[in-house]
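Okay, structure first, notes after.
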Amino acid sequence: MSTLAPAVSEQLVAPWVEWARRYTRGRRLLEAGTYALTEGAIAAGCRVFAGYPITPATDIAEYMSKRLPQVGGYYVQCEDELAGMHACAGASLGGLKAMTATSGPGYTLMHDAYGWSITNEIPLVVVDAMRVGPISGITGAPGQGEFYIARYASHGGNFETIVLSPSSVQEAFWLTIDAFNLAERFRTPVTILTDQVISDMWEDLFIPEDYDALDFVVPRKNNLMMPFYPVGSADLDVPPNVIGHGTGVCVSAYTHTEEGYDIEEMEAQWAQTYRLINKIRHHRDQLTRYETVGVEDADVIAVAYGANARTVKTGVLEARRRGVRAGFVRLITLWPFPDELFERDVPYVVCELNYDGQLVREVMRSAPDGKKVRFMGKSAELHTVAEVAAGLEGVARTGRIPELPYIWTEVR
Amino acid sequence: MNRLAKKYLRPSQIPTKACHGCGIGMIENWLLQAIDEMGLKQDDVIFGTGIGCVGRQTFATWGGDNFGATHGRALAVATGLKLAQPDKKYLIVVGDGDAASIGTSHLIHAARRNLGVTVICEDNMGYESTGGQFSPTTPAGYVTNSSPYGMVEPGFDPCDVVKAAGATFVAETTATQWHQTVKIVKKALANDGFSFVHVRFPCNENFGAYALGTRDTLKNLEWIYEHTQGRKADGTDADFTWETGIKHDASNSRPEFSRLMRDMNARVKADMKAKQK
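Structure below.
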């Protein structure tokens, strides 16, 4: 697989490295990212999809409408995205794994349900196939504008979120199963923040033959007794609550007690917040997935995620060919943000698909010297290999990114 | 505590935080009477609410499983929940804001799908928990805290909306009609499909005080009663009339939503099996 000289270290840290090694019997297909996202969900045991069609996530809805009835599941085409994610939350509360898929305009509408699902610790998976914006933007062009929106996917604060981003069709398949596993284990919605290129792109895809034999899939369990909300605890693997089993569970939008009763007291607010934040913060070691190339001896490190990481990685290799000791960090887990990947005190060049600069701000915050962090923003189109190589070469040799058309470097 | 409350509700969650003289507790008691007369148990019924007076005062009072959705979304949640738990009865107890304003799109589409739930729209004719602003069910011309010169917009009748959308049971009643309401709720719960029961009740603290000029519960109930009769106590005509009773009864006349979905799945499975042979 590797196109690198053996001297360059390459590392992929993600649970599917082992999954792919263990499960080798199956079909090899030429398929789209939306297909991989759908099949990953089915393999993970998803049995409800409720959503509203939107480019470039529509194909997920169409694939789901065909696949779910075949496995005894339900496809619901809702009146809007608000209904879509709330219906998913309802299905998950009833004991079925559920997913919805959308793009930016729908993702913002879902934040009502997103906050409700966070507070009530409802496992769900949300796919956001980002396109360039703001608002409708260009429906067929990729963007990376929801990096922060995915982190702050509800109003009110006092929560952490889990956000993953694939950079190939194959990875979209495994990562979707991983997203479902994390949703179950952390009792929270998980966003798969993908983009128009990964969604629409057709690539080589391996699908294991028997989904029932995948022993790494975390099955749905039901919490049948109090406490329904272990407020004040950061415990993982608490079974999700279930409505319809006569437990007397209470689910609401309010700050709650461990029974789920609404309460207006500081102590209760604190205990709930402790749980929602620390069940994620205290287990960050189980959440961080990433890829690196040659970071140990690099003089400059490029940072990217999603589809854009594909050309950025090639740009890093091109820079190395030109004699620049360049490294590469591809984030797969975007949130909680993996600060530990930016421990080396070298210049980082953050390449992302927006001009406002989002990911770059987190790299500035976590790097030893934020002043050494450079930004290469582009809009509606992936960075070219030449742009990335020129940027890395410029930073390595002069400390500056050269003037390049369509590349913005200012972060305010 | 009365017998029905002891049998069905949570002692720790009642009495509710409702204001003195509020109709919400009384109507909930009538719902319990209907549930009891149908022989339903706590585990048979899932209780869903929204936001506002009705959501806040009824949430978690029910002894069985409860959910309190964000404003307007109770029916969206119920749409997914019904697929996972199709054999339960659903009481979706919401206000006029939830049903007739912020959540109307879900109301319409739940009716269209014939989702197997009973919506009890407890209508206090305005947004009373936020201090008494008008809603789409506030009678035209009436003064509220956001219509100080009288409500100039026309309202609408949510019963007409859900009937047009395909609801299979639609009824209207008020907080002055105890036995009629119990009978209607029993019929609504017996429909394996979308049932809508619109129950008007007085808010004394806001609608009563600002629109009717009194916080006296009995006077406000009398105002409601007069409008069910079209005549005031002094024999003159009321300014408008609410026609209460069953508006539309097509109970069990078409398949319920989750049944349709399961039937389709059975057909798909059978076709797959036939192809394999």
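Protein chains in written order, with our numbering: chain A, 805 to 1216; chain B, -5 to 271.
We treat Cβ as the ideally placed atom computed from N, Cα and C, and that holds for glycine.
Every value quoted in this text rests on a predicted model; they were computed, and no experiment measured them.
- No Cβ of chain A is located within less than 8 Å of the beta carbon of A205/B.
- Assigned with DSSP and collapsed to three states, I1067/A falls in coil, not helix or strand.
- The beta carbon of T859/A lies closer than 6 Å to those of T943 in the same chain, with the five residues before and after it left out.
- Listed along chain A, no residue sits closer than 9 Å to Q127/B by beta-carbon distance, the nearest being about 20 Å off.
- T1059/A and Q1076/A do touch by the CB rule: their CB atoms are close to 6 Å apart, below 8 Å.
- Taking a Cβ-Cβ threshold of 7 Å, none of the residues of chain B is close to T943/A; the smallest such distance is about 23 Å.
- Taking 9 Å as the Cβ-Cβ cut-off, the segment 876 to 893 of chain A approaches chain B at G876, G877, Y878, Y879, V880, C882, E883, D884, L886, A887, G888, M889, H890, A891, C892, A893, given in chain order.
- Nearest neighbour of T167/B by Cα position, chosen from H100/B, N118/B, T98/B, turns out to be N118/B.
- Per the Cβ contact rule, the segment 153 to 162 of chain B is in contact with the segment 105 to 125 of chain B (3 or more Cβ pairs under 8 Å).
- Of all residues in the segment 242 to 261 of chain B, only M255, M258, N259 place a beta-carbon less than 7 Å from a beta-carbon of chain A.
- Taking C-alpha positions only, L986/A is separated from H14/B by approximately 47 Å.
- With contacts defined by Cβ atoms closer than 8 Å, V1120/A and L1186/A do not form a contacting pair.
- Relative to I864/A, the option among A905/A, Y827/A, E1144/A whose CA is nearest is A905/A.
- Distance from the CA atom of T208/B to the CA atom of G126/B, rounded to whole angstroms, is 14 Å.
- Here L1040/A carries a coil assignment [DSSP, helix/strand/coil].
- With its beta carbon at least 8 Å from every one in chain B, I1081/A lies outside the interface.
- According to DSSP, E885/A shares a beta bridge with no other residue.
- P1151/A is the residue among P1151/A, F963/A, V812/A whose C-alpha sits nearest the C-alpha of M1180/A.
- The Cβ-Cβ distance between L897/A and A917/A does not fall below 8 Å.
- When C-beta atoms of the segment 137 to 155 of chain B are compared with those of the segment 196 to 207 of chain B, three or more pairs fall below 8 Å, so the two segments count as touching.
- In this structure, V812/A keeps its C-beta atom at 8 Å or more from the C-beta atom of V1107/A.
- For G42/B, the secondary structure class from DSSP, reduced to helix, strand or coil, is strand.
- Apart from sequence neighbours up to five positions away, the residues of its chain that approach N60/B with a beta-carbon distance below 7 Å are F41, F53, A54, ordered along the chain.
- Spanning the alpha carbons of A861/A and T1115/A requires a straight line of approximately 23 Å.
- The beta strand (DSSP E) runs lying completely inside the segment 1171 to 1209 of chain A and spanning 3 residues or more are 1177 to 1181, given in chain order.
- Between K1/B and D30/B, the CB-CB gap stays under 8 Å.
- In the DSSP annotation of this structure, D982/A is not part of any beta strand (DSSP E); the continuous alpha helix (DSSP H) holding it starts and ends at 973 to 990.
- Remark: three or more beta-carbon pairs, one from each stretch, lie closer than 8 Å, so the segment 835 to 846 of chain A and the segment 971 to 985 of chain A are flagged as touching.
- A Cβ-Cβ distance of about 6 Å is found for the pair G849/A and V1021/A, placing them in contact under the 8 Å criterion.
- G187/B and N246/B do touch by the CB rule: their CB atoms are close to 7 Å apart, below 8 Å.
- Assigned with DSSP and collapsed to three states, A227/B falls in coil, not helix or strand.
- Per DSSP, the continuous alpha helix (DSSP H) segment holding M258/B begins and ends at 251 to 270.
- In this structure, DSSP gives Q36/B a helical state, which the three-state scheme calls helix.
- The segment 953 to 962 of chain A makes contact with the segment 906 to 925 of chain A: 3 or more CB pairs, one atom from each, lie closer than 8 Å.
- The C-alpha of M1030/A lies about 47 Å from the C-alpha of D1008/A.
- Boundaries for A1130/A: no alpha helix (DSSP H) harbours it, while the beta strand (DSSP E) harbouring it runs 1130 to 1135, taken from the DSSP string.
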